[in-house]
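Numbering (the UniProt record's numbering), first residue to last: 1 to 274.
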């Protein structure tokens, strides 16, 4: 592991497709943390990742895998790792697109999605996340306190991983799609795995999200009830998509802050406690 610091200036380290960066962007200092870039062996490759952790204690830390937005592990995701580290977690955000390309090579969302994101197979992502969990257990994390959270693209992945890894203790999915077309790379959507969840999942959604309509949220709720799944979905009436993305105009401070506290409480309840 190597330590590094992040430039504290507007726009530094953010994905080009996410521009322009809003003045509301939050910067969390790493001064009191161990934080920086690392690499994780996975499926014969070295997967880049960002980590943040408290300086003390050095062992037995609850682990949170932080799954990127469509924009990859840019400055917002790194900052979320630092925020979690200040709460006592070992937080790791792996670069889950790294085999297919670099999201910094695209400067608009539709092209980024069609040329890169849609080409990343779920099966590859699930295996990579398993290797992240193993890496964390070797670097001060407690394998019995494994958690995951994800945002947008990563929100969908968080639902899927909760059905994939039986060792996972809890998941929090922020505005990840729940339904949709199936492809060779994405053979199942979260609604298809409601009966397979291994861990409690908290879903955080915005009522004004035009990409994830409320009827799909209600369909997911019905599927979870039918499966008797340990899951909860919270919908914020005044929030749209990406309401936690403080660097974007979509940021809704009240909903984001409430969601963050709900996430921490969910983790504490199901997996982070001593």
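A virtual CB, placed ideally from N, CA and C, is assigned to each residue, including glycine.
Note on residue 68: 16 or more other CB atoms within 10 angstroms of its CB, so buried under the neighbour-count rule. Within the DSSP bridge table, the entry for residue 233 names 203 as partners.
Taking a C-beta distance under 7 Å as the contact criterion, residue 136 and residue 77 do not qualify as a contact pair.
Separation of residue 157 and residue 31 (C-alpha to C-alpha, rounded to the nearest whole angstrom) is 31 Å. Around the beta-carbon of residue 144, fewer than 16 other beta-carbon atoms lie within 10 Å, marking it exposed. DSSP places residue 71 outside any beta strand (DSSP E), giving it a letter other than H or E. In the structure shown, residue 23 falls within a coil segment according to DSSP collapsed to helix, strand and coil.
Counting C-beta atoms within 10 angstroms of its own C-beta, residue 41 has fewer than 16 neighbours from the protein chains shown and is therefore classed as exposed. Given a length threshold of 4 residues, each whole run of the alpha helix (DSSP H) inside the region 132-166 is given here in chain order: 153-164. Sequence-distant partners of residue 45 (beyond 5 residues in either direction) whose C-beta falls short of 8 Å from its own C-beta, in its chain, are 98 and 99.
Residue 38: not part of any alpha helix (DSSP H); member of the beta strand (DSSP E) spanning 33-42, first to last residue. Here the C-alpha atom of residue 240 lies approximately 21 Å from the C-alpha atom of residue 79. One Cα belongs to residue 221, the other to residue 230, and the distance between them is close to 11 Å.
A residue is called buried once 16 or more other Cβ atoms fall within 10 Å of its Cβ, and residue 66 is buried on that count. Here residue 138 is exposed. Its C-beta has fewer than 16 other C-beta atoms within 10 Å. The beta carbon of residue 237 lies closer than 7 Å to those of 207 in the same chain, with the five residues before and after it left out.
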